[in-house]
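Data block below; observations after.
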Amino acid sequence: MRYLIIIVGAVLVNNFVLNRFLGCCPFLGVSKKTETALGMSGAVVFVMTVASAVTWCLDHWLLAPLGLGYIHTLAFILVIASLVQFIDIAMKRFVPPLHAALGIFLPLITTNCAVLGVAELNCKNGTPFIESVLFSFAAALGFGFALVIFSGLREKLAWADPPRCFRGIAVALVTAGLLSLAFMGFNGLVKLPY
Amino acid sequence: MNAILIAICVIAGIGALAALALAIADKYLAVQEDPRIGLATAALPGANCGGCGFAGCADYARALVEGTAAPGACAPGGDAVNAELAKILGVAATATERRVALVKCGGTRSEAIRVGDYNGICDCAAAAATAGGDKGCRFGCLGYGACANVCPKHAIRIEDGLAVVDKRLCIGCGKCVSVCPRKLIELVPASATIHVLCNNPVRGPEVTKVCGVGCIGCHLCEKNAGGKEANHFTFNGFLAKVNYENPPTDAALADKCPRKCIREDAHFETGN
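Residue numbers (our numbering), protein chains in the order written: chain U, 1 to 194; chain W, 1001 to 1272.
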């Protein structure tokens, strides 16, 4: 039950994009088509889950024992960036179809703040390993969920005829705001562990 | 002091470890790629316009090296790029003629009647879906700019309710051809100077009812261009079409057309 609450909490109640406002760059950047949004979501789910597992280990086994909690941001960026590069190389070698599908999005999310954000949150809350991986997975799912919804809206938006000054990114930002308001409605749905 | 040292060592250590891991991965997990793929990608213009039928320049380069595509499909690059590609692949270059988009309609707002007042979404497909569009002619340019919106080079603009291609800017990618709901844009050789600006194949009287410059299929152009044997024009119903395999060059044809639907260099911008 606790795991279920963590998932619902990360996907709906504290959605990374729409409630915590993390990862807004890809949210606006790759949401013009549902197809690319799905590719990006897949890459984010993969990287966030793996990165949170690695950063948890780093934090608990290296930084915490040495009393180096204050430099975890720096260490996390370093590790996440290399990890993404490594995954990129390995994926190209071992699973070329997956690399072809996610390939161009992988380097883009090296410094996605949602990836760093989830590592930071796990670190701050002192979550146990399983829960932090699950939380990251669910948070990435929430990110993908928001991205796919938003890309659907933007595909419809392309047919609309807004005033000239609102065209393009302006009306997209207004839509993102409204979508965020809608997600705020999930507040209080579950009692969150964190 | 000690704390700073530990911090430096830890970060440097993590960095060195990650660098080592990446270096090893790069060495042992590297995928052997044909070096010609990289060369061919570099030789292509990198516009990723999709005119060759592939997802982008890199995709086309890959297909070239794998032998599933032939050089010569890159319209924006033109002869120089195709010759370069042929050199990389070690095959004989095939000359390609630069192709540009031609909007086969001359029905401006003053020439072609509008039967309705369309106030919907400013898009040709939407207009065409609304009771067949507001234009009297069911084959003509609606002028809501679907082609202009999709053009990567901004070579198309809408003038007096009609799409106009700037020949100098057009790269012949063909995006406008596929987006036009009326299917009246065609890629034609850039060297051709005489064009029939009409897409309406129905009988003469019905064309004249809706448009002042519609082709009625009178075959005068064919006669003036040396008869059927000269093979400069083909006919589809009551619509003349320039045979771009063998285009006419006589500028007088435009003046002799009784419907003024034959134009010299069309509503292309000619410029050099």
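Ideal Cβ positions, reconstructed from N, Cα and C, are used throughout, including at glycine.
Below-8 Å beta-carbon distance, residue i vs any chain U residue
i         : result
W:Gly1271 : At W:Gly1271, the pLDDT of 42 sits below 50, so the modelled position is not reliable; the number obtained from the coordinates is stated separately. Not closer than 8 Å to any Cβ of chain U, the Cβ of W:Gly1271 fails to qualify, so no.
W:His1267 : Unreliable positioning characterises W:His1267 in this predicted model, as indicated by a pLDDT of 49, which lies under 50. A coordinate reading is not provided.
W:Val1031 : yes
W:Val1010 : yes
W:Ile1194 : no
W:Ala1061 : no
W:Ala1058 : no
W:Cys1211 : no
W:Gly1015 : yes
W:Cys1122 : yes
W:Leu1197 : no
W:Leu1064 : no
W:Ala942  : Given a span of 1001 to 1272 for chain W in the structure shown, any question on residue 942 of chain W remains unanswerable.
W:Leu1022 : yes
W:Ala1146 : no
W:Arg1098 : no
W:Ala1018 : yes
W:Ala1163 : no
Neighbour flag for residue i against chain W, beta carbons, 8 Å
i        : result
U:Ser52  : no
U:Arg93  : yes
U:Leu74  : yes
U:Val79  : yes
U:Asp161 : yes
U:Leu66  : yes
U:Phe86  : yes
U:Ile71  : yes
U:Ile6   : no
U:Ile109 : no
U:Ala170 : no
U:Ala100 : no
U:Ala119 : no
U:Leu106 : no
U:Ala37  : no
Extent of the continuous beta strand (DSSP E) run through residue i
i         : result
W:Leu1085 : That residue, W:Leu1085, is in no beta strand (DSSP E); its alpha helix (DSSP H) goes Gly1078 to Leu1089.
W:Lys981  : For residue 981 of chain W there is no data in the structure shown, the boundaries of chain W being 1001 and 1272.
W:Ala1112 : Element bounds for W:Ala1112: n/a, residue is neither H nor E.
W:Phe1233 : Phe1233 to Asn1236
U:Arg2    : First-last for U:Arg2: Arg2 to Val8, but that is the alpha helix (DSSP H), not the beta strand (DSSP E).
W:Arg1263 : Ile1262 to Glu1264
W:Ile1156 : Ile1156 to Glu1159
U:Leu147  : Per DSSP, U:Leu147 belongs to no beta strand (DSSP E); it is in the alpha helix (DSSP H), Phe129 to Leu157.
Selected residue, minimal CA-CA separation from residue i, among the options
i         : options                                       : result
W:Gly1174 : W:Gly1161, W:Val1188, W:Leu1162 and W:Ala1163 : W:Val1188
W:Phe1054 : W:Val1115, W:Leu1169 and W:Cys1074            : W:Cys1074
W:Ile1024 : U:Ala53, U:Arg154, U:Val45 and U:Ile87        : U:Ile87
W:Cys1137 : W:Phe1238, W:Lys1209 and W:Asn1149            : W:Lys1209
U:Val148  : U:Pro97, U:Asp59, U:Ser31 and U:Leu22         : U:Ser31
W:Ala1043 : W:Leu1064, W:Gly1116 and W:Asp1160            : W:Leu1064
W:Cys1215 : W:Glu1229, W:Gly1227, W:Phe1235 and W:Lys1228 : W:Phe1235
W:Leu1029 : U:Ala160, U:Val8, U:Glu155 and U:Arg93        : U:Arg93
W:Asp1123 : W:Cys1147, W:Cys1221 and W:Ala1112            : W:Cys1147
W:Pro1076 : W:Val1091, W:Gly1090 and W:Gly1056            : W:Gly1056
U:His60   : U:Met91, U:Asn125, U:Pro97 and U:Asn112       : U:Asn125
U:Thr34   : U:Cys113, U:Glu155, U:Asp161 and U:Gly142     : U:Glu155
W:Ile1113 : W:Thr1193, W:Lys1241, W:Gly1212 and W:Ala1254 : W:Gly1212
U:Ala49   : U:Asp161, U:Ala172, U:Leu192 and U:Ala138     : Here residue 49 of chain U turns out to be Thr, not Ala, going by the sequence shown. It is U:Ala138.
U:Val47   : U:Gly67, U:Cys24 and U:Val84                  : U:Val84
W:Lys1183 : W:Ala1125, W:Thr1041, W:Gly1217 and W:Thr1193 : W:Ala1125
First through last residue of the alpha helix (DSSP H) which encompasses residue i
i         : result
W:Ala1040 : Pro1035 to Ala1043
U:Asn122  : Cys113 to Asn125
U:Thr196  : No answer is possible for residue 196 of chain U: it lies beyond the span of chain U, which begins at 1 and ends at 194.
U:Gly45   : Note that residue 45 of chain U is Val in the sequence shown here, rather than Gly. From DSSP, the alpha helix (DSSP H) with U:Val45 extends over Thr34 to Leu58.
U:Thr175  : Ile169 to Met184
W:Glu1229 : Gly1227 to Ala1230
U:His72   : His72 to Phe94
W:Glu1206 : Gly1204 to Val1210
W:Val1010 : Asn1002 to Tyr1028
W:Glu1245 : Element bounds for W:Glu1245: n/a, residue is neither H nor E.
Cβ separation of residue i and residue j, assumed to be a contact under 8 Å, to the nearest whole Å
i         : j         : result
W:Ala1163 : W:Ile1156 : 5 Å
W:Cys1141 : W:Cys1198 : 10 Å between Cβ atoms; not a contact.
W:Phe1238 : W:Pro1201 : 6 Å
U:Leu116  : U:Phe166  : The Cβ separation is near 32 Å, so there is no contact.
W:His1195 : W:Arg1099 : Contact flag wrong, Cβ pair sits at about 13 Å.
U:Leu108  : U:Pro26   : 7 Å
W:Gly1145 : W:Asp1134 : About 14 Å separates the two Cβ atoms, so there is no contact after all.
W:Ala1021 : U:Ser82   : 7 Å
The ligand FMN heavy atom lying under 7 Å from the CB of residue i
i         : result
W:Cys1124 : Among the components of this structure there are no ligands whatsoever, and the ligand FMN is therefore not found.
- Query: Are the segment 1002-1017 of chain W and the segment 1032-1039 of chain W touching, with three or more C-beta to C-beta distances below 8 Å?
  - Reply: Short answer: they don't touch.
- Please determine if the segment 109-120 of chain U and the segment 72-89 of chain U are in contact, where contact requires at least 3 C-beta pairs separated by less than 8 Å. These segments touch.
- Does the count of Cβ pairs from the segment 35-48 of chain U and the segment 145-159 of chain U closer than 8 Å reach three? Enough Cβ pairs lie closer than 8 Å, so yes.
- Message: Within 8 Å, do at least three Cβ pairs link the segment 134-145 of chain U to the segment 5-12 of chain U?
- Response: Enough Cβ pairs lie closer than 8 Å, so yes.
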